[in-house]
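Enquirer: The opening position of the sequence shown corresponds to residue 1 in UniProt numbering, with each subsequent residue numbered one higher.
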Amino acid sequence: MTGKQIAIIGGGPAGLMAAEMLSSSHRVTVYDSMPTVGRKFLLAGKSGLNITHAEDYARFATRFGSASERLRPALDAFKPDHIRSWAAGLGTGTFVGSSGRVFPEAMKASPLLRAWLGRLQAQGVRILTRHRWEGFADGCIFTTPNGQEVVRSDAVLLALGGASWPRLGSDAGWIPGLRARGVAIDDLLPANCGFDVAWSETFRNRFAGAPVKSVTARSDAGIFPGEFVITQSGIEGSLVYAHAASLRDQIERENGASLELDLMPGRTVERLSHELARQNPKASFSSRIRKGAGLEGVKAALLREITPEAARADPQQLARIIKALPLPILKPRPIAEAISSAGGIAWSGIDDDYMLKALPGVFAAGEMLDWEAPTGGYLLSACLATGRAAAKGIEAWLQR
Numbered sequence: 001m002t003g004k005q006i007a008i009i010g011g012g013p014a015g016l017m018a019a020e021m022l023s024s025s026h027r028v029t030v031y032d033s034m035p036t037v038g039r040k041f042l043l044a045g046k047s048g049l050n051i052t053h054a055e056d057y058a059r060f061a062t063r064f065g066s067a068s069e070r071l072r073p074a075l076d077a078f079k080p081d082h083i084r085s086w087a088a089g090l091g092t093g094t095f096v097g098s099s100g101r102v103f104p105e106a107m108k109a110s111p112l113l114r115a116w117l118g119r120l121q122a123q124g125v126r127i128l129t130r131h132r133w134e135g136f137a138d139g140c141i142f143t144t145p146n147g148q149e150v151v152r153s154d155a156v157l158l159a160l161g162g163a164s165w166p167r168l169g170s171d172a173g174w175i176p177g178l179r180a181r182g183v184a185i186d187d188l189l190p191a192n193c194g195f196d197v198a199w200s201e202t203f204r205n206r207f208a209g210a211p212v213k214s215v216t217a218r219s220d221a222g223i224f225p226g227e228f229v230i231t232q233s234g235i236e237g238s239l240v241y242a243h244a245a246s247l248r249d250q251i252e253r254e255n256g257a258s259l260e261l262d263l264m265p266g267r268t269v270e271r272l273s274h275e276l277a278r279q280n281p282k283a284s285f286s287s288r289i290r291k292g293a294g295l296e297g298v299k300a301a302l303l304r305e306i307t308p309e310a311a312r313a314d315p316q317q318l319a320r321i322i323k324a325l326p327l328p329i330l331k332p333r334p335i336a337e338a339i340s341s342a343g344g345i346a347w348s349g350i351d352d353d354y355m356l357k358a359l360p361g362v363f364a365a366g367e368m369l370d371w372e373a374p375t376g377g378y379l380l381s382a383c384l385a386t387g388r389a390a391a392k393g394i395e396a397w398l399q400r
């Protein structure tokens, strides 16, 4: 094949999508530090891969926080419907779940990845694993099983991920080298993460691992229904992740935060107050909230854990607390435990073609860039979209 030599460093969704785009006219090699590519992709799809989301696209495009506007051209060029068509072209049919999340019919990531790698191989893409990128010096420096190698290419795409799940390859080891070369990088932070809560020993020992179902949670991010899980250290789960960015930023500003829980979304304060007032004041607290509010198990324990004893005797005050229980949050769990990360290469440091302003001919895509999104298909969608956008940027730069 004629054409230019392209080095893509990172074998996740962003890197593989760029390889697919570029390999029709260029010689493309994908380098990855792990023994196989797509490891985080495979783990994310173990219990059901969220490939994208089927909500109204105007709403979908706002889900990427402060980076939504900058990401919009890339998202517009590869919308959720395009992603579903792309997957279908690889033999993977998709369906929309009740929450609007889009899943492969097989529910797993492995059949899609196998078909994708087969397509890339047919298009002439070389994939070299156990090649860890160490930086630039008259080319890309890699540590390989055969020692150090320097690879020269006409363009480079960095798609090395953020800092979540480092055991799968995204360990943010690229930050010092790029900063030393003048690339603007915002500190990486945990996103879609759990949080520490100062549980009592009694509560922790009894309820760690228990799901808290059918609740509504409020923060600066909004009001969302769902469920979460009590952990030894605090809380985690889909409802927590929906509020994670807001709670993390509030903790940074105020050295603490609170997640407001409605333990009984189906009942009004007035009804709860009325039913609680009918209970025998001499009965136990557990009995009064079970009969008057329908609370038992972990929900009742949460109420007892957080509510001052003086507030438990007043039916009106107790009803208001049940509808707006303030759960004090201490800090996010470490970034290595997070589903994804915020921060990364600043948008001011790349041009509209995803090329690093400090390093002409070097492009970046995926979670290396400073954006974040909730779970539910948004993360993968933006990785695929930015991989495509960077590939188009490389094409344009090579033509210039």
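Even glycine gets a Cβ: it sits at the ideal position worked out from N, Cα and C.
1) My output table needs one value for Ser33: the three-state DSSP class, helix, strand or coil.
2) Just curious, the alpha helix (DSSP H) that Phe207 is in, first and last residue?
3) Mind reading off the beta-carbon distance from Thr52 to Leu380? Whole number of angstroms is fine, and I expect it under 8 Å.
4) Only counting the same chain, and skipping five residues up and downstream in sequence, which positions put a Cβ closer than 7 Å to that of Lys357?
5) With a Cβ-Cβ cutoff of 7 Å, do Leu160 and Gly38 count as a contact?
6) Where does Arg253 fall in DSSP's three states?
7) In terms of alpha-carbon separation, which member of Ile235, Ile6, Glu260 and Leu90 lies closest to Phe224?
8) My assumption, with CB atoms under 8 Å, is that Ile6 sits in contact with Ser153. Please give the rounded CB distance.
9) Apart from the five residues on each side of it in sequence, which residues of its chain come closer than 6 Å, Cβ to Cβ, to residue 416?
10) As a quick exercise: from Lys331, Asn146, Arg312 and Thr202, pick the residue whose alpha carbon is nearest that of Asn255.
11) To test your reading of the DSSP string, which unbroken beta strand (DSSP E) runs of 3 or more residues are found completely within the stretch 324 to 352?
12) What's the gap between the Cα of Ser24 and the Cα of Ala390?
13) With a threshold of 16 other CB atoms inside 10 Å of the CB of Val150, please say whether the residue is buried or exposed.
14) Taking 7 Å as the cut-off, decide whether the C-beta atoms of Leu318 and Leu276 are in contact.
15) Under a Cβ-count criterion, where at least 16 other Cβ atoms within 10 Å of its own Cβ denotes burial, should Asp32 be classed as buried or exposed?
16) Cβ atoms of Ala18 and Ile8: under 7 Å apart, would you say?
17) How long is the line joining the alpha carbons of Asp76 and Tyr354, rounded to whole angstroms?
18) Less than 6 Å between C-beta atoms, sequence neighbours within five positions excluded: which residues of the same chain meet that for Gln250?
19) Give a yes or no on whether the C-beta atoms belonging to Tyr378 and Arg63 are separated by under 7 Å.
20) Among Arg70, Leu90, Ile321 and Ala61, which one has its Cα closest to the Cα of Pro80?
21) Which residue spans inside the stretch 148 to 194 form an unbroken alpha helix (DSSP H) run of at least 4?
22) Counting beta carbon pairs with one atom in the stretch 192 to 207 and one in the stretch 329 to 345, are three or more of them shorter than 8 Å?
23) Determine the direct distance from the alpha carbon of Ser219 to that of Leu303, and round the result to whole angstroms.
24) Could you spell out the range, first to last residue, of the alpha helix (DSSP H) harbouring Ala77?
25) When you compare each of Asn192, Thr307, Gly222 and Ile230 to Asn205 by their alpha carbons, which one comes out closest?
26) What are the partner residues of Gln364, as DSSP defines its beta bridges?
27) With DSSP collapsed to three states, give me the class of Phe64.
28) Please state if the CB of Leu325 and the CB of Ala293 are separated by a distance shorter than 7 Å.
29) Output the distance between the C-alpha atoms of Gly147 and Gly97, rounded to the nearest integer angstrom.
30) So, are the CB atoms of Ile127 and Val30 less than 7 Å apart?
31) Quick check on the burial criterion: 16 or more other C-beta atoms within 10 angstroms. Buried or exposed for Arg288?
Expert: Inspection of the coordinates gives the following:
1) In this structure, Ser33 counts as coil in the three-state DSSP scheme.
2) Glu201 to Phe207
3) Correct: roughly 7 Å between the Cβ atoms.
4) Gly349, Ile350 and Asp351
5) no
6) helix
7) Glu260
8) 6 Å
9) The displayed coordinates of the chain run from 1 to 400. Any statement about residue 416 would go beyond what the structure contains.
10) Lys331
11) 325 to 329 and 340 to 345
12) 15 Å
13) exposed
14) yes
15) buried
16) Yes, Cβ-Cβ distance for Ile8 and Ala18 is below 7 Å.
17) Roughly 15 Å between the two C-alpha positions.
18) Ala257
19) yes
20) Ala61
21) Listed in chain order, the alpha helix (DSSP H) elements of length 4 or more contained wholly in the stretch 148 to 194 are 175 to 180.
22) yes
23) Rounded to whole angstroms, the gap between the alpha carbons of Leu303 and Ser219 is 19 Å.
24) Element bounds for Ala77: Ser68 to Ala77.
25) If we check each option's Cα against that of Asn205, Ile230 comes out closest.
26) Looking at the sequence shown, residue 364 is not Gln but Ala. DSSP lists Leu158 as partners of Ala364.
27) Coil.
28) no
29) Roughly 48 Å between the two C-alpha positions.
30) yes
31) buried
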